[in-house]
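Student: First to last, the sequence lines map onto chains A and B.
Heads up: the first sequence runs through residues 1 to 434, numbered per the numbering used here.
Heads up: the second sequence runs through residues 1 to 308, numbered per the numbering used here.
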Amino acid sequence: MEHFSLIATREYLNKIGNKSFILMTLLLPIILAGITFLLSFLSSINNDTSKNISVVDNTGYIFQKLQSSDDITYDLIIDSSLDNAKEISRNKSDYGLLFINNFDSPEEIAESIMFISETSPSFTVLNKIESQLESILTNENFKILGIDINQINSSKIIINLFQESFDGAETTRVDGVVKLGFGFALGMLLYFFIFAYGSMIMMSVMEEKTSRIVEIIISSVKPFNLMTGKIIGVSLAGLTQVLIWCVMFSIFSYFFTTYFGISASSSSGEMILSTDDADAISSFALDMISAFMNLPLTNIFFAFIIYFIGGYFLYASIFAAIGAAVDNQADAQQFMLPITLIVIIGLYVGILTVPEDPNGIVAQIFSYIPFTSPIVMMMRIPNGVPLYEQIISLTILFSSVLFIVWISAKIYRIGILMYGKKITYGEIIKWLRS
Amino acid sequence: MSNILSIDSVSKHYGNFTALNNVSLNIREGSIFGLLGPNGAGKTTLIRIINQITMPDSGKVLFDNTPLNIEHIRYIGYLPEERGLYQKMSIGDQALYLAQLKGLDNTTAKSELNKWFEKFEISDWWDKKVTELSKGMAQKIQFIVTVLHKPKLLIFDEPFSGFDPINANLIKDEIIKLRDNGATIIFSTHRMESVEELCEDIALINKSNKILDGKLDDIKRRFKSNTFEVGVDSDNPDVLNKELESRYELTRPSFRTIGDNLKVNVKLKNNQNPNDLLKLISQNSKVIHFKEVIPSANEIFINSVEND
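(1) Three or more C-beta pairs closer than 8 Å, one from the segment 247 to 262 of chain B and one from the segment 192 to 207 of chain B: is that the case here?
(2) For the segment 204 to 220 of chain A, which residues have a CB atom closer than 7 Å to at least one CB atom of chain B, in sequence order?
(3) Let me know if M379 of chain A comes out buried or exposed under the rule of 16 or more other beta-carbons within 10 Å of its beta-carbon.
(4) Could you give the distance in angstroms between the alpha-carbon of I194 of chain A and the alpha-carbon of Y307 of chain A?
(5) Using beta carbons (cut-off 9 Å, strictly below), is N14 of chain A in contact with chain B?
(6) Do the segment 206 to 225 of chain B and the segment 290 to 303 of chain B touch if we need at least three Cβ pairs shorter than 8 Å?
(7) Would you check if there are 3 or more beta carbon pairs closer than 8 Å linking the segment 41 to 51 of chain B to the segment 12 to 31 of chain B?
(8) If distances are taken between C-alpha atoms only, which option among B:F63, B:L79 and B:F255 comes closest to H72 of chain B?
(9) Among the residues of its own chain, which have a CB less than 8 Å from the CB of S50 of chain A, if the five just before and after it don't count?
(10) CB-CB under 6 Å to N225 of chain A, same chain, minus the five flanking residues each way: which ones, in chain order?
(11) Looking at I139 of chain B: is its Cβ nearer than 9 Å to the Cβ of R83 of chain B?
(12) Might you give, ordered along the chain, the residues of its own chain that have their beta carbon closer than 6 Å to the beta carbon of L309 of chain B, omitting 5 neighbours on each side?
(13) Are the beta-carbon atoms of Q241 of chain A and M418 of chain A separated by less than 9 Å?
(14) Would you list the one or two residues that DSSP bridges to R28 of chain B?
(15) On the three-state DSSP scale, how would you describe I423 of chain A?
(16) What residues in its chain sit with their C-beta under 6 Å from that of M436 of chain A, if we drop five residues either side in the sequence?
(17) Ignore the nearest five residues each way along the sequence and tell me which others in A169 of chain A's own chain have a CB closer than 8 Å to its CB.
(18) Confirm, please, whether the CB-CB distance from W126 of chain B to L148 of chain B is below 9 Å.
(19) Roughly how far, in whole angstroms, is the beta-carbon of W431 of chain A from the beta-carbon of I414 of chain A, given that I think they are within contact range, below 8 Å?
(20) Tell me, to the nearest whole angstrom, how far the beta carbon of A85 of chain A is from that of S54 of chain A; I am working on the premise that it is less than 8 Å.
(21) Are the CB atoms of S188 of chain B and F163 of chain B nearer to each other than 9 Å?
(22) Quick one: using the 10 Å Cβ neighbour count with 16 as the cut-off for buried, is P165 of chain B buried or exposed?
(23) I'd like to know whether the C-beta atoms of I232 of chain A and A8 of chain A end up nearer to each other than 9 Å.
(24) Any chance the segment 179 to 188 of chain B sits against the segment 16 to 23 of chain B, with 3 or more Cβ pairs inside 8 Å?
(25) Which of the three DSSP states, helix, strand or coil, is assigned to I88 of chain A?
(26) Which residues, taken in chain order from the segment 373 to 387 of chain A, show a beta carbon closer than 8 Å to some beta carbon of chain B?
(27) According to the neighbour-count rule (16 or more other Cβ atoms, all chains shown, within 10 Å of its Cβ), is T353 of chain A buried or exposed?
(28) List the endpoints of the continuous beta strand (DSSP E) containing H289 of chain B.
(29) Which residues, in chain order, does the segment 47 to 62 of chain B contribute to contact with chain A at a C-beta distance below 7 Å?
(30) Going by other Cβ atoms of all chains shown within 10 Å of its Cβ, with 16 needed for buried, is S112 of chain A buried or exposed?
(31) Counting only C-beta atoms, is Y419 of chain A closer than 9 Å to chain B at any point?
(32) Got a sec? Which residues, its chain only, sit under 8 Å from T275 of chain A by beta carbon, not counting five neighbours each side?
(33) In chain order, what residues of the segment 72 to 92 of chain B put their CB closer than 9 Å to some CB of chain A?
(34) If we require 4 or more residues per run, which alpha helix (DSSP H) segments fall completely within the segment 300 to 371 of chain A?
(35) Using a Cβ-Cβ cut-off of 9 Å, state whether I404 of chain A counts as contacting chain B.
(36) Return the residues of the segment 95 to 119 of chain B that lie within a Cβ-Cβ distance of less than 7 Å from chain A, sorted by chain order.
Okay, structure coming up:
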């Protein structure tokens, strides 16, 4: 036991002190933040140049209701023919010219409005103009028909079906996006952990083997303790890395939001009945938060930790065995390939089947197979998975972990002292039989 | 004297390959024991069994008269033939780590290490990395780590490889000192001159079988052919040569001397006495050289393996 903690501690300190590890830990968030910052900065520069649009309004009421915004400024040209207006607009080097003819009915007006520009206009600008015009003309229509807009606003009913599962325990209001997104994020996180830290273990085992220090260590330590100590040490280093990332990300996002303000979309034009902007944003955020709060969070939390431990140990021990069996990294590839394939299959099955039906038969089967269950099950759990299914899946997973660790330890024990021989699958099977 | 290690009918197979076949050995406490054999004979397998790295398929190993168990690990120090150190860890840190793995606590390990580092005059290496050291320097560290926890049984597999003659001597002296302080040493090597110099007992393993073991002196006695090297400055060498030929079996001389005019190896039959030979050659000649041919460990090794 004291060996075990010695080994884990050394492994941990060694990883933490490793230059590339430190670099990776510090640089990744900085790079990500840098990219996000750069993108937002560039797009804000892009938006900075306000687009000037000349308007010829023959109706006499539309222009007053057009609202200039940060990126679009409307300019009225009075009493002008189309040709004249074109000339004026071009001389002002406007972004474009909006030409509105006068008719009796708003429908006819709508059909005759023209937008003339030098270059083909940006999609977002067109969208904004269109939705503003739609809103103005619709309101005009209401007026003509004698309908009180305020009455419409106040009488509008918004329905959000209040859902409850049959067991009544959870009141899960559907917000599929949040559930799927959250599930995918968890699945991807597991995938990332398994590979990043699994291959770290493999490298560490290979380092001990090729430097031959393992010959010295192995006379004091049981191979099994050496292997598991290593796995624990690396996982602790990984957790430290993730913790640092969490802290850095929250610091960055704090600066980010204070610097740029909340970067939620402000396409207010879509709201025909002109709901207040701020309200719309906050109600969207509230929806997200309430959807989030309605997720089975406790279940997700514990399931993530347990599946993480199971999945991590399953793959980490395989990686350790591979590292012990081979002499160099090139030889490791042939053994890495099937492992990578299995994990990617898990990932794809999750991505393809869970949105369709989280409790469908394929998703169910793959959340029982130990090699894919951590990823697929984590994608499913935000949608609610019966507890008994999780228990069965975890039982299978952890029995497999015991079995795989046992097998890996066997391969590790023999492989670690075997040099100069290109190892094949047949060879490994021979080791397992001995 | 009691045995610190008794190996009783140990066998080990890897698939169809027999690595050790029914090998029995006794190693006396406080002795230096030479474990010899050609490459691939099974020495490393035997050493790994003693270190509990591998388990024998059959047979027993007793350490201090108790069956080998996990507690014994701290009483054994093993310097493997294929040995290395962490490339990226400082010398001091990894020596400390390896010592702790052998069961020493941090403080003891540190003070013991300091003693050895001072003894070898390498105290300023503590913060260096292996990549900054020569092979011989790394070997010194490995030696220190092997003996640091004061094991009762030390197993050295080719301990002198990578050392220059001066450092090899330094290590040899340390090994003898360890033996004098009560440690038992198993010494596996292909350098027969160091076997000759250090070992009291030897065992020879060939093709997974033990083909020879015992006190080195006894083995030499068994292998000697009753042959004497004779070098004389004779008044009449031809006559003496004929006289010798008529009584003994002569072979080509296997030695080098100066100042003699007759050099020959003389093999005595069982009933013949070396004193009679000496009398004969000293009658009309000056005896320059007279010595019994004792087979070297090297000759014993080659002979036994080739005739096995």
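Think of the CB as a built atom: it goes at the ideal place given N, C-alpha and C, for glycine as much as any other residue.
Tutor: With the given structure in hand:
(1) No, the segment 247 to 262 of chain B does not touch the segment 192 to 207 of chain B.
(2) From the segment 204 to 220 of chain A, only S211, R212, I213, E215, I216, I217, I218, S219 and S220 have a Cβ closer than 7 Å to chain B.
(3) Classified as buried, M379 of chain A has 16 or more neighbouring CB atoms from the shown chains inside 10 Å of its CB.
(4) Between I194 of chain A and Y307 of chain A, the C-alpha separation is close to 11 Å.
(5) Closer than 9 Å to some Cβ of chain B, the Cβ of N14 of chain A qualifies, so yes.
(6) Contact between the segment 206 to 225 of chain B and the segment 290 to 303 of chain B is established, with three or more Cβ pairs separated by less than 8 Å.
(7) Yes, the segment 41 to 51 of chain B touches the segment 12 to 31 of chain B.
(8) Nearest of B:F63, B:L79 and B:F255 to H72 of chain B, Cα basis: B:F63.
(9) For S50 of chain A, where only same-chain residues beyond five positions count, the Cβ hits under 8 Å are D70, D71, I72 and T73.
(10) Same-chain partners within the cutoff: H3 and F4.
(11) Before going on, a small fix: residue 139 of chain B reads as Gln here, not Ile. Yes, Cβ-Cβ distance for Q139 of chain B and R83 of chain B is below 9 Å.
(12) Here chain B comprises residues numbered 1 to 308, so residue 309 of chain B is not present and cannot be evaluated.
(13) No, the pair does not count as a contact, with Cβ atoms beyond the cut-off.
(14) B:N3, per the DSSP bridge assignment.
(15) Residue state, collapsed to three classes: coil.
(16) Missing from the structure shown is residue 436 of chain A; chain A here goes from 1 to 434 and no further.
(17) Confidence at A169 of chain A is low in this model, with a pLDDT of 43, below 50, so the placement of that residue should be treated as unreliable; the coordinate-derived value is given next. Same-chain partners within the cutoff: there are none.
(18) Contact flag unset, no.
(19) Separation of the CB atoms of W431 of chain A and I414 of chain A is rounded to 5 Å, and the pair is thereby assigned contact status at 8 Å.
(20) Indeed they touch by this definition, with Cβ atoms about 7 Å apart.
(21) The beta carbons of S188 of chain B and F163 of chain B sit no closer together than 9 Å.
(22) So P165 of chain B counts as exposed.
(23) Contact: yes.
(24) Taking a cut-off of 8 Å on C-beta distances, the segment 179 to 188 of chain B does not touch the segment 16 to 23 of chain B, as fewer than three cross pairs fall below it.
(25) Shown here, I88 of chain A sits in a helix according to DSSP, grouped into three states.
(26) Correct list: empty, as no residue qualifies.
(27) Looking at its Cβ environment, which holds 16 or more other Cβ atoms inside 10 Å, T353 of chain A is buried.
(28) S285 to E292 is the span of the beta strand (DSSP E), which, as asked, contains H289 of chain B.
(29) Listed by position along the chain: N51 and I53.
(30) Looking at its Cβ environment, which holds fewer than 16 other Cβ atoms inside 10 Å, S112 of chain A is exposed.
(31) So, interface residue.
(32) Its pLDDT being 44, under 50, T275 of chain A is placed unreliably in this model, and the coordinates cannot settle the point.
(33) Under the 9 Å Cβ criterion, the segment 72 to 92 of chain B contributes I73, R74, I76, G77, Y78, L79, P80, E81, E82, R83, G84, L85, Y86, Q87, K88 and M89.
(34) Fully enclosed alpha helix (DSSP H) runs of 4 or longer: 329 to 353 and 361 to 366.
(35) So no, I404 of chain A is outside the interface.
(36) So the list reads Y97, L98, Q100, L101 and K102, given in the order they occur along the chain.
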